[in-house]
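What follows is a single structure, written as structure tokens, with notes after it.
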Ligand code: CDP
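Residue numbers (the working numbering): 4 to 238.
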């Protein structure tokens, strides 16, 4: 049985992570925040005082990150992955094609064989969020959403999130950082940040998280019904 896949892409702090998490909860699907894979690789490079822009160093770290994540998927929860240094380094290393290739298998395996959410409760599918899920990682996803918001709104949200975690955050610095990362993610040759042609666009600038969730739940519920109907036809 082919799993039901929801692909969510969008720029930094657009609300895609929150939406992905809540959609997965709502529909009982597994969830993979693919940004964390790039962050684990970046963290490995920084721990060794390496340069995330060096292709050989970054590729090796990505290969090691993929292997380490298979052995221990809880690595993605390490709080230091959210630091400014790791964030910046992850977007630098993510522009290197060999890094993306090294992390592709992990993402596709997760999508093809989503981990059970609880013992005995297998997930029928998965939600993956990132930059290139609908365009490159899961081009056949049943649902593709592209979540965006104005840079100012995103910077404000990130400041709130950082301060909520007890980190010092200056709005102007966060905004500049976001814009630099957006430019790097959008201008790179390898799988740039892109709305797939068949993605539904959700601009969250003027919407709160509950409204965004309600809109997305409607879209996913329709697609899920169709997917279930197709599965029954195949039986
Ligand atoms: O949470 P936020 O949106 O700030 O970042 P993230 O999703 O954790 O991703 C960190 C960095 O990883 C991004 O700036 C991208 O450069 C890279 N990334 C990517 O290239 N492709 C993905 N599918 C996910 C993240």
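Just so you know, even glycine gets a beta-carbon here, dropped at the ideal spot from N, CA and C.
- Message: Runs of 3 residues minimum, wholly inside the stretch 176-206: which ones carry the beta strand (DSSP E) assignment?
- Response: If we require 3 residues or more, the beta strand (DSSP E) runs fully inside the stretch 176-206 come out as 203-206.
- By DSSP, does residue 8 sit in helix, in strand, or in coil? In this structure, residue 8 counts as strand in the three-state DSSP scheme.
- Message: Can you tell me whether residue 97 sits near ligand 1, meaning its C-beta is under 7 Å from at least one heavy atom of the ligand?
- Response: Checking every heavy atom of ligand 1 against the Cβ of residue 97, one is found closer than 7 Å.
- Alpha carbon to alpha carbon, how far is residue 172 from residue 208? Cα atoms of residue 172 and residue 208: separation of roughly 21 Å, rounded to the nearest angstrom.
- Using 7 Å as the cut-off, classify the Cβ of residue 2 as near or not near the heavy atoms of ligand 1, replying yes or no. The chain is shown only over 4 to 238; residue 2 falls outside these bounds and no answer can be derived.
- Item | Length of the line joining the Cα atoms of residue 134 and residue 16 | Their Cα atoms are separated by approximately 12 Å.
- Item | Which of helix, strand or coil DSSP assigns to residue 133 | The DSSP-derived three-state label of residue 133 is strand.
- Message: Applying the 10 Å Cβ sphere with the 16-neighbour rule, what's the burial state of residue 80?
- Response: With fewer than 16 Cβ atoms within 10 Å of its Cβ, residue 80 is classed as exposed.
- Message: By the three-class DSSP mapping on this structure, what secondary structure does residue 165 have?
- Response: Reduced to three states, the DSSP call for residue 165 is helix.
- Just the C-alpha distance for residue 179 and residue 201, rounded to the nearest angstrom, thanks. One C-alpha to the other measures close to 30 Å.
- Reduced DSSP secondary structure (H/G/I, E/B, other) of residue 90: In the structure shown, the three-state DSSP call for residue 90 is helix.
- Item | Own chain, CB closer than 7 Å to residue 107, minus 5 neighbours either side, in chain order | Contacts found: 140.
- Query: Taking the beta strand (DSSP E) that residue 212 falls in, what are its first and last residues?
  - Reply: No beta strand (DSSP E) contains residue 212, which is instead part of the alpha helix (DSSP H) from 212-237.
- Message: Out of 137, 143, 164 and 159, which one is the CA nearest neighbour of residue 150?
- Response: Minimum Cα distance to residue 150 is reached at 137.
- Cβ pair residue 120, residue 33 closer than 8 Å: Cβ distance < 8 Å, so residue 120 and residue 33 count as in contact.
- Task: Output yes or no for whether 8 Å exceeds the beta carbon distance between residue 129 and residue 8.
- Result: Yes, Cβ-Cβ distance for residue 129 and residue 8 is below 8 Å.
- Message: Does the beta-carbon of residue 147, which I'm using as the reference point, lie nearer than 7 Å to any heavy atom of ligand 1?
- Response: With a cut-off of 7 Å, the C-beta of residue 147 is classified as distant from ligand 1, since no heavy atom of the ligand falls inside that distance.
- Message: Going by beta-carbon coordinates alone, are residue 132 and residue 36 separated by less than 8 Å?
- Response: Going by C-beta atoms, residue 132 is nearer than 8 Å to residue 36.
- Three-state class that DSSP yields for residue 148 in the structure shown: Three-state DSSP puts residue 148 in a strand.
- Query: Where residue 10 and residue 47 are concerned, what is the direct C-alpha to C-alpha distance, given to the nearest angstrom?
  - Reply: Rounded to the nearest angstrom, the gap between the Cα atoms of residue 10 and residue 47 is 27 Å.
- State the CB to CB distance for the pair residue 117 and residue 6, rounded to an integer number of angstroms; the pair is presumed to be in contact (CB under 8 Å). Contact holds; Cβ gap of about 6 Å.
- Spatially closest choice to residue 127 from 236, 51 and 27, by CA coordinates: Put simply, of 236, 51 and 27 the residue whose alpha carbon is nearest the alpha carbon of residue 127 is 27.
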